[in-house]
Amino acid sequence: MMKKLVLASLMLLAGLGVQAGEKKELHILSANDMHAAIECMPRLGFVADSLRALYPNLLVLSAGDNRSGEPLNDMYEIPAYPMVALMNIIGFDATTLGNHEFDSGQEGLAKLISMSAFPTLCANVQPDAKWNMHVKPYQVFDCGGIKVGIVGAVALGAMGIPESHPMNTTDIKFTDPLETLQQYQFLRKECDVVLFLSHLGFESDVKLSKDLPWVDIIVGGHSHTQLKGGEMHNGLFITQNKNRLACVTHTTLTLEDGKVVDRQAENIAIRGGKNENKVVRGLVDYFSQNPAFYRVLAQVDTPFECYEELGNMMCDAYKVEGHADLSFQNPGGVRYETKPVGGFTVADALRLDPFQNEAIELQLTGKELIDMMKKCYDNDNQGFPYVSGMKVDYTVDPATKALTKVVLYGEDGKKLNLKKTYKVITNSYTVAISATNRKDPGKGIGKITAQLIMDYLEHQGHVSYQGSRRIFRH
Amino acid sequence: MKLKVNRTTIELFEGAEIRHALITYLTRRRMSLKFLEQLEVRDVWGHEIDLDAPASAFTQIRLTFKEQ
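The listed protein sequences correspond, in order, to chains A and C.
Taken in order, the first sequence gives residues 395 to 868; the numbers are from the numbering used here.
Taken in order, the second sequence gives residues 202 to 269; the numbers are from the numbering used here.
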């Protein structure tokens, strides 16, 4: 009798396509915060091909921030298209949205998504229909008979939006990641594996893990945290790597009777690796010879003959394009000294300001501005910052080179009011080296300073700064 | 936005990266920025993190000098 029952049970299981005690493996190759490291993509292509040869149902995933960090990508004619093309050819299966995916606005993001051969999964984003932005909250993948439900989410900053320029996210509704994720618990019933593709950062992933018992694995990004393979937190497996493709993670989930019973993960070095996919290399080389870099933004009518003239032009760009009253920047941020008459190209602008520093807006009183400039002087090799919207008289102790007096004058020649608050733009490096006790710590305007310079030159058409002097040492 | 670097609370602008937290920390302590390249940055769990990681993703970081 017992034998008959066991036999009947086995026959029933076989009829359902499930074999008792059957083990299956799901292989995942995951990257995060690639930040347009296009030089590493041929190596990533090689690694993906190699793993796919061993595991044909390999899932290749990105946890967001695929772009922003390499001008060849970010300033392409269709901004950030090169990374999309490279991810298509490597065979990515899905990405989530990182905060930087919004860097070229809703229209730019919608265009990139439409060009992607892989879905964009992000549950806490609801774009306005007018953008025709194809973001799905989740998707179920069939990986050789294993049903994998993937749901994505992006981190929200202090203003309740991802950390990008606020203008880039108007008309998009964002919701709390945890509350939103809980709406997708039904995936547990429908899938063998539930994967959360997270751009929330490691700390948030660990905090959330106790509230997501229905999830098997978090493939994380945002905080650029280098884990050794993966880690278990509150029963949930979490992976993440440093940014710009230092490493990727190969995760193996073992399933028995449709349940995950084992999790293993290893890091695979990408940056600096030798073997490459030659087709991906060819595409990277093509994107690297981008003629858009030699586009002339403005004509230089009189030659730039010293650092201060170029620094003045940069500060004018911050002030004008940042719609500020005043601007200043550290002298060390001006990377060449002369520029002859002729065309000022995109490449010239990126060589002048190559650091990808963000433009920072501060509300400062005249006194707070002087305090910041003094700190900047002390911490930037005792060079006085370049300025716009003002002129400066400063006095230096000849023995110690310490600043003894700073007086600021407005464009009308009158002294700036020390109590009045001004809107000031500078770069993120200058803010970091100029720590003072001030009311406003500042906020990023979501653009790099090189972009402000390029916008300024393009809007001006012609520039002439020969003999322009604004800082006077006594 | 505030972040603890070792035991010091650093106030940063919105959108700052870990690099800016370190620069602020070093300049406040009157240490040369040359040390920036010699520091190893880790989160509270001891994981290595990048200088260009968003500062907002952390409540605390720890600095140690890299072993030569």
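Beta carbons: idealized from backbone N, C-alpha and C, even for Gly.
Asked: Stretch-stretch touch, CB-based, cutoff 8 Å, three pairs: the stretch 773–793 of chain A with the stretch 712–719 of chain A; Found: yes
Asked: Any C-beta of chain A under 8 Å from that of Ile262(C); Found: no
Asked: Ranges of the beta strand (DSSP E) found wholly within the stretch 410–468 of chain A, counting only runs of at least 3; Found: 417–425 and 453–456
Asked: Inter-residue spacing [alpha-carbon to alpha-carbon] between Ile865(A) and Ile827(A); Found: 20 Å
Asked: Contact check, Gly492(A) vs Gly458(A), beta carbons under 8 Å; Found: yes
Asked: Chain-ordered chain A contacts of Met202(C) [CB-CB under 8 Å]; Found: Ala552 and Pro835
Asked: Within chain A, partners of Thr225(C) - CB distance below 7 Å; Found: Ala826 and Ala829
Asked: Below-8 Å beta-carbon distance, Glu433(A) vs any chain C residue; Found: no
Asked: In DSSP terms, what Glu752(A) is bridged to; Found: Ile842(A)
Asked: Ranges of the beta strand (DSSP E) found wholly within the stretch 512–549 of chain A, counting only runs of at least 3; Found: 519–521, 532–537 and 540–548
Asked: Leu406(A) - DSSP class collapsed to helix/strand/coil; Found: Here Leu406(A) scores only 44 on pLDDT, less than 50, and its place in the model should not be relied on; the value that follows carries that caveat. Looking at Leu406(A) - three-state DSSP - the assignment turns out to be helix.
Asked: Residues of the stretch 613–629 of chain A whose Cβ lies closer than 7 Å to any Cβ of chain C, in chain order; Found: His616, Ser617, His618, Thr619, Gln620 and Leu621
Asked: Same chain only: Cβ atoms within 7 Å of Thr732(A), ignoring 5 sequence neighbours per side; Found: Pro697, Phe698 and Glu699
Asked: Of the listed residues Lys769(A), Ser444(A) and Phe440(A), nearest to Ala829(A) (C-alpha basis); Found: Lys769(A)
Asked: CB contact check: Ala402(A) to chain C, cutoff 8 Å; Found: For Ala402(A), the predicted model reports a pLDDT of 49, less than 50, meaning its position is unreliable; a value from the coordinates is still stated below. No, Ala402(A) does not count as interfacial toward chain C.
Asked: Residue from His593(A), Ile555(A) and Val790(A) whose Cα sits closest to the Cα of Asn426(A); Found: His593(A)
Asked: Cβ contact (3+ pairs, closer than 8 Å) linking the stretch 217–233 of chain C and the stretch 242–252 of chain C; Found: yes
Asked: Burial state of Asp806(A) (16 or more Cβ within 10 Å); Found: exposed
Asked: Closer than 8 Å to chain C by CB, Ser456(A); Found: no
Asked: Beta carbon proximity, Ala268(C) to chain A, threshold 8 Å; Found: The residue you asked about is not Ala; residue 268(C) is Glu in the sequence shown. For Glu268(C), the answer is no, since every Cβ of chain A falls outside 8 Å of its Cβ.
Asked: N- and C-terminal bounds of the alpha helix (DSSP H) containing Ala826(A); Found: Ser822 to Ile827
Asked: DSSP bridge partner residues for Tyr701(A) (one or two, in chain order); Found: Beta-bridge pairing links Tyr701(A) to no other residue.
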